[in-house]
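These notes concern the structure reproduced below.
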Amino acid sequence: MHHLLHLQQESTDPIHSGNQLLQALRSNLFPIAGSFIALSAIAFASVPTSAQTNTPFAIASNYCEGKTRDGLIQGKAKCEFPSGNRYEGELRNGVRHGKGIFTFANGTRCEGMFQNDSLNGRGVCVFPSGNRYEGEFRNGQREGQGTFIFANGTRCQGTFQNNVLEGFGTCTYSSGNRYEGLFKDNKKQGKGTLTLANGIRCEGNFQNDWLDGFTVCTYPTGMRYEGEFRTGKQSGRGTFIMANGSRIEGTWRNGRFVETKSNKLSPVQITSPLRVAPAEKD
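For what it's worth, the numbering used here labels the leading residue of the sequence shown as 751, then goes sequentially.
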């Protein structure tokens, strides 16, 4: 699910009505940015391994229906195991080798090419939650280029290593938001660009799934924010550049605009509209 960071205004308003720049900052920018939706690390379901599902490496012939040679199943077979797992496909010397479908007792269903008893190459896994993975496998793990499609419509594509997104990837969320950039261990980590369905676009560095460091955000109105973020909130120096070229420079602390060169009143308590926080899970 997505968590929406709502705009909150202080009960007292220290902004003078004559200050047109700060009026614009409040009345135009913040309602637009108040819908800035938090995003998070993505949890991907794992494909159970042979050890986890008590599936023997060499499949005993009494588990399967098929032709045997030297006591081992060869060729096409149907196998049912005490664990509740099922396999239908090709075997070589008693192990899964060739095209096959493995259905786990928990409902996970994987189809593709097997080598030496594990998925290798292209494959598809459908999970009980309705999530789906299409892409490359190596030794039974997601490894290489692939796409993970969540039941809610969120779609993540990129390079997988040891079952998780690593390196460059893209995620298009069911909300219409989109992230394009670097991942580490399924989290946004490094340079990336987050584009919201409402047209707000933020480019910067992500740390442990949060915007962190110097960031540039552009708005459909033509305004732009350039400044520092810490753990998803504006903190430090920042500048709003209005569509007409006017600039508001100031200091942010924990997501609040506390001081500005355009207004000597301090602090100016305005809740930050920009925050990226963990919210979307598998």
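We put the beta carbon where it would ideally sit given N, CA and C, even for glycine. Just so you know, these numbers come straight off a predicted model, no measurement behind them.
{"Item": "Just checking my contact of G885 with A901 at CB under 8 Å: how many whole Å lie between their CB atoms?", "Value": "In fact, because the Cβ distance is near 17 Å, the residues do not count as touching under 8 Å."}
{"Item": "By alpha-carbon positions, which one of A855, F918, G844 ends up nearest to Q939?", "Value": "F918"}
{"Item": "Name the DSSP bridge partner or partners of T909?", "Value": "Q895"}
{"Item": "Using DSSP with H/G/I as helix, E/B as strand and the rest coil, what is G931?", "Value": "strand"}
{"Item": "Can you tell me whether DSSP reads Y837 as helix, strand or coil?", "Value": "strand"}
{"Item": "Please go through the same chain and pick out, in chain order, the residues whose beta-carbon is closer than 7 Å to the beta-carbon of S777, but skip the five residues on each side of it.", "Value": "Caution applies to S777, whose pLDDT of 34 falls short of 50 and renders its modelled position unreliable; the value that the coordinates give is listed next. Within the same chain, S777 has no close Cβ partners at all."}
{"Item": "Taking the C-alpha atoms as reference points, what is the distance between K826 and D962?", "Value": "54 Å"}
{"Item": "Thinking C-alpha only, which one of V1008, R980, N1004, L915 is nearest G894?", "Value": "L915"}
{"Item": "Taking the CB atoms as reference points, tell me whether F910 and R892 lie closer together than 8 Å.", "Value": "yes"}
{"Item": "Among G982, T971, R882, E861, whose alpha-carbon lies nearest the alpha-carbon of G995?", "Value": "T971"}
{"Item": "Please identify the residue among E861, P832, N866 whose C-alpha is closest to the C-alpha of N843.", "Value": "N866"}
{"Item": "Could you check which residue in K828, G857, S833 has the C-alpha nearest to that of K849?", "Value": "K828"}
{"Item": "Using the DSSP secondary-structure output, state which residues sit across from M863 in a beta bridge.", "Value": "K849"}
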